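Asker: The structure follows.
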Amino acid sequence: MSDELLVAAMRIAAGVDPVPAAVSADACAALGLQLPGSILAAPVPAEPGSGTRSLLSGTEFHRFAADGLTLTVEFELDAGLLRVSGQVTPPPGPGAWIEIRTPHLGKTRAPSDAGGYAVTSIPIGWLSVACHRPPDPPVVTRWILARP
Numbered sequence: 188m189s190d191e192l193l194v195a196a197m198r199i200a201a202g203v204d205p206v207p208a209a210v211s212a213d214a215c216a217a218l219g220l221q222l223p224g225s226i227l228a229a230p231v232p233a234e235p236g237s238g239t240r241s242l243l244s245g246t247e248f249h250r251f252a253a254d255g256l257t258l259t260v261e262f263e264l265d266a267g268l269l270r271v272s273g274q275v276t277p278p279p280g281p282g283a284w285i286e287i288r289t290p291h292l293g294k295t296r297a298p299s300d301a302g303g304y305a306v307t308s309i310p311i312g313w314l315s316v317a318c319h320r321p322p323d324p325p326v327v328t329r330w331i332l333a334r335p
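Numbering (the working numbering), first residue to last: 188 to 335.
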């Protein structure tokens, strides 16, 4: 089948079985969660004895790295919501900010001089952390399902 026939068949199918409006709206909302120009940080395993908290304590720990930065993300349940904290290494410097992103809200904090950050009252579910460091592009983690 040629490309032209395939495209024609897809157009016919779209007219016969259109995409539901809710699916289109969800797809548009998902595209809105992208952070254009950002660098996606890759997951990095936490080494034993590196100071990570025990999962038995109710804290979940993740580490990501890209473009010379390491982002740690910890979250724990606090009165039905999440407390998200972590560290950016090396500290990103003046003018930087950390953004905790969820599908429904985003919260920003300036990191401490040592690169630490903490945000409370984040809903349980999907979250991503972005380190904005102008003039360099932001470094962002993949989406994490936070369900402590």
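Where is the CB? At the ideal position from N, CA and C, for every residue including glycine. Just so it is clear, the structure is predicted and the values come from calculations on it, not from any experiment.
Would you give the residue range spanned by the beta strand (DSSP E) that Arg270 belongs to?
Answerer: That run of the beta strand (DSSP E) goes 268-276.
Asker: Which partner residues of Pro207 appear in the DSSP bridge assignment?
Answerer: None, per the DSSP bridge assignment.
Asker: Considering only the alpha carbon of each residue, which of Leu222, Gly302, Arg334 lies closest to Arg288?
Answerer: Ranking the options by Cα distance to Arg288, first place goes to Leu222.
Asker: With DSSP collapsed to three states, give me the class of Arg288.
Answerer: Of the three classes helix, strand and coil, the one that applies to Arg288 here is strand, per DSSP.
Asker: Just to confirm my understanding: we take Gly303, look at its own chain, exclude 5 residues before and 5 after, and list those with CB closer than 6 Å. What are they?
Answerer: Counting only Cβ-Cβ distances below 6 Å, and skipping sequence neighbours, we find Gln274.
Asker: For a test of the three-state rule: what should DSSP assign to Ala195, helix, strand or coil?
Answerer: Three-state DSSP puts Ala195 in a helix.
Asker: Any chance the CB of Val194 is under 7 Å from a heavy atom of the ligand SAH?
Answerer: No copy of the ligand SAH occurs in the structure displayed, which carries no ligand at all.
Asker: Does DSSP put Leu227 in a helix, in a strand, or in coil?
Answerer: Looking at Leu227 - three-state DSSP - the assignment turns out to be strand.
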